[in-house]
Amino acid sequence: MRKYLIVCFFSLWALAGFAQRPNVIFIYVDDLGYGDLSCYGATKLHTPNLDRLAAQSVRFTNAHSTSATCTPSRYALMTGQYPWRRTGTAILPGDAALIVPTNTTTLPKLFQKAGYTTGIVGKWHLGLGDAVAKNWNEEIKPGPNEVGFDYSFIFPATADRVPSVFVENGKVVALDKADPIAVDYKKPIGNDPTGKEHPELLKMKSSPGQGHDNTIVNGIGRIGYMSGGHTARWTDEEMPLTFLTKAKSFIDNNKSKPFFLYYALTEPHVPRMPSTMFKGKSGLGFRGDAILQLDWAVGEIMQQVTAAGIAKNTIIIFSSDNGPVLDDGYVDGAVTQLNGHTPWGPLRGGKYSAFEAGTRIPLLVSWPGNVKPSVSDALVCQIDFIASFSKLLQQPLAASEATDSQNMLNALTGKTKQGRSWLVLDSDTYAIIEGNWKYIAPSNGAALNKLTNTELGNNPKAQLYDLSNDIGEKNNLAEKQPETVKALGELLKKIQGY
Ligand code: NG6
Ligand code: CA
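Numbered by mature numbering (1 follows the signal peptide of the UniProt record, and there is no 0), the letters in the sequence shown go through residues -19 to -1, 1 to 479 in order.
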């Protein structure tokens, strides 16, 4: 009977035209801009490994995260639902509870259902446990393992937030029980120095007014306070190798059966504290160095996949969770050593922004033998991976599951340049792209994020841009095209259910 089922299963795959179920490695980087890679036109920075990946990929020029910051984009990627459908999906503190319901269909659960082994290595930022108050010294759950990952090696929130520790399958790595961890985002705890009181102890200054001056870990002021867990605290310079080693072992351990690896690198998010190998290498300050470092990690993964003999049958996807930012909390040379580099490429705005640079991000999809290298301007979004993989894996989704995800498999694999007809984006405000039109809803939010020097795209008046000839969103056509404004405003409301 079992044998019969197995035969049946593989015949289905054969019917679908795939010899073997492909492995999937999804490489997700943090705050990398549309113009940050040489395969996307950067000339001041050279990212040869991503160039190599791009040369075997569909390279997307109109791909988006749903949101201009991390938590909501990752929520959408995991659940196939717009983050604004659920409250509490904005940037999370490091002690937040898990925001992905454990009974929701998720991208990794879909792979599990299809018989894959699933793993996450890297940044999580979707909360842990049932409540803010939690014991970091016992098993912490629910977390990634309860929403679809068989294996997890993560840090809880962001590299600039406490607790600055790794968590492997729910347990803090290298924790000394005699030195228990406590975390507080409201008031100082323990006796560790803070960046505010002891700036002389910092190896990298925090930017004035940005608040990265609480507990010092590894000579860097963080957001939030932690005490204890001294042996478990990470060393930023070692982080890339730590994650890479875990990702490589996951690949090695699972190479003989289909696997899904979500490899979520922290680069080039702050604090940028590259390893010695990359410090000063880019000539553009630590942000540039961090980009070279992530490029190197991508090359290492590609090499590992080749060495394991699975390159042909492995899909590698590369993307970023939101657009670029220079000064996001530390004085690290990103502004002063920019040297003419344009992380946002031809786009306006950046991280936090309703303008295109907030959410239009690099996206590469590689699958040797199955995906013909090309450039695609199809409108696609990370929210679509779950529906697209549901198609590829032949694991149908019920109407109530991943409700905002659209099957873009043919666009993602380069078979068509027809993508979505519309897409809703969020930052402080909402925007919708339909065809060449981009509508940004009126907002009373600040026009400029003064701390990061980012144009946020907020305007009390409606904005309408024709992206076919104004990708830099300079020419607001709202007054000239009131009917288009009205139609897009109504479409947005309809999608949002108002
Ligand atoms: C912001 C932080 C910023 C960064 C961001 C999260 C301040 C002033 N700024 O609130 O440094 O941590 O949150 O980035 O606190 S994200 O990519 O994870 O969304
Ligand atoms: Ca981010």
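Every residue, glycine too, gets a C-beta built ideally from N, C-alpha and C.
List the DSSP bridge partners of residue i.
| i | result |
| --- | --- |
| H45 | R341, C362 |
| R66 | Bridge partners of R66: none, in fact. |
| N430 | T435 |
| W403 | E415 |
| E149 | F134, K152 |
| T99 | F241 |
| Y311 | S187 |
| residue 554 | Residue 554 is absent from the model: the chain starts at -19 and stops at 479. |
| R40 | L345, V356 |
| Q444 | I421 |
| R33 | The partner list for R33 (beta bridge, DSSP) is empty, contrary to what the question assumes. |
| T175 | T196 |
| K332 | Note: K332 sits in no beta bridge, so no partner. |
| residue 501 | Past the boundaries of the shown model lies residue 501; the chain is included only from -19 to 479, so the question cannot be answered. |
Under the assumption that residue i contacts residue j (Cβ atoms under 8 Å), give the Cβ distance between them as a whole number of angstroms.
| i | j | result |
| --- | --- | --- |
| L469 | W418 | 6 Å |
| D302 | D11 | 6 Å |
| N457 | Q444 | 5 Å |
| L378 | S369 | 11 Å between Cβ atoms; not a contact. |
| P343 | Y21 | 5 Å |
| L242 | V102 | 7 Å |
| F7 | I298 | 5 Å |
| V164 | G205 | 7 Å |
| P327 | G453 | 6 Å |
| D141 | P252 | 5 Å |
| L58 | L34 | Not quite, the Cβ-Cβ distance comes to about 19 Å (not below 8 Å), so this is no contact. |
| L225 | E281 | 6 Å |
Taking all protein chains shown into account, decide if residue i is buried (16 or more other Cβ within 10 angstroms of its Cβ) or exposed.
| i | result |
| --- | --- |
| Q363 | buried |
| K474 | exposed |
| A112 | exposed |
| S237 | exposed |
| N320 | exposed |
| Y56 | buried |
| S(-9) | Low confidence applies here, because S(-9) scores a pLDDT of 47, under 50, leaving its location unreliable and the question unanswered by this model. |
| residue 515 | The structure shown does not extend to residue 515, since the chain is modelled only from -19 to 479, so the question has no answer here. |
| K104 | buried |
| N30 | buried |
| G75 | buried |
| D276 | buried |
| N235 | buried |
| Y479 | exposed |
| A(-1) | Low local confidence applies: a pLDDT of 48 at A(-1) is under 50, so the model's placement there is unreliable, and no value is given. |
| S38 | buried |
| H179 | exposed |
| residue 497 | Only positions -19 to 479 of the chain appear in the structure, and residue 497 is not among them; the question remains open. |
| V466 | buried |
| G209 | buried |
| S424 | buried |
| T216 | exposed |
| E471 | exposed |
| E464 | exposed |
| L107 | buried |
| G304 | buried |
| D358 | exposed |
| S54 | buried |
| residue 487 | Because the chain spans -19 through 479 in this model, residue 487 falls outside it and cannot be assessed. |
| A(-6) | The pLDDT assigned to A(-6) is 46, lower than 50, so where the model puts this residue is not dependable; a value taken from the coordinates is nonetheless given after this. Flag for A(-6) reads exposed. |
| P137 | buried |
| Q62 | buried |
| N450 | exposed |
Could you give the residue range of the alpha helix (DSSP H) that holds residue i?
| i | result |
| --- | --- |
| A392 | 390 to 393 |
| K475 | 463 to 477 |
| A228 | 220 to 235 |
| L79 | Here L79 belongs to no alpha helix (DSSP H), and DSSP marks it neither H nor E. |
| Q93 | 88 to 94 |
Can you give me the start and stop residues for the beta strand (DSSP E) that residue i sits inside?
| i | result |
| --- | --- |
| I8 | 4 to 10 |
| F299 | 295 to 301 |
| Y56 | Y56 -> not in any beta strand (DSSP E); alpha helix (DSSP H) instead, spanning 51 to 60. |
| D194 | Taken as a continuous stretch (DSSP letters only), D194 belongs to no beta strand (DSSP E), as it is neither H nor E. |
| Q375 | Where Q375 is concerned, there is no enclosing beta strand (DSSP E), given that its DSSP letter is neither H nor E. |
| V286 | Not the beta strand (DSSP E): V286 falls in the alpha helix (DSSP H), residues 266 to 288. |
| A163 | 163 to 165 |
Within 9 Å (strictly less), CB to CB, does residue i reach chain B?
| i | result |
| --- | --- |
| I421 | The displayed structure is made up of one protein chain only, and chain B is not part of it. |
Review point. How do the region 326 to 338 and the region 423 to 436 stand: do at least 3 beta-carbon pairs fall below 8 Å, yes or no?
Key: yes
Exercise for review: Assess, as a yes-or-no matter, whether the region 151 to 162 is touched by the region 269 to 286 under the definition of 3 or more beta carbon pairs within less than 8 Å.
Suggested key: Too few Cβ pairs lie closer than 8 Å, so no.
Exercise for review: Determine, using beta-carbon pairs with one atom in the region 115 to 125 and one in the region 177 to 190, whether at least three such pairs fall under 8 Å.
Suggested key: no
Check your understanding: Are three or more beta carbon pairs between the region 375 to 391 and the region 338 to 350 nearer than 8 Å?
Key -> no
Point to revise | Stretch pair the region 392 to 410 + the region 446 to 456: three plus CB contacts closer than 8 Å | key: no
Exercise for review: Report yes or no: do the region 255 to 262 and the region 119 to 136 share at least 3 C-beta pairs separated by less than 8 Å?
Suggested key: No, the region 255 to 262 is not in contact with the region 119 to 136.
Review point. Does the region 121 to 130 come within contact of the region 160 to 177, defined as at least 3 CB pairs closer than 8 Å?
Key: Remark: fewer than three beta-carbon pairs, one from each stretch, lie closer than 8 Å, so the region 121 to 130 and the region 160 to 177 are not flagged as touching.
**Study point:** Contact between the region 389 to 400 and the region 73 to 89 (3+ Cβ pairs under 8 Å)
**Key:** no
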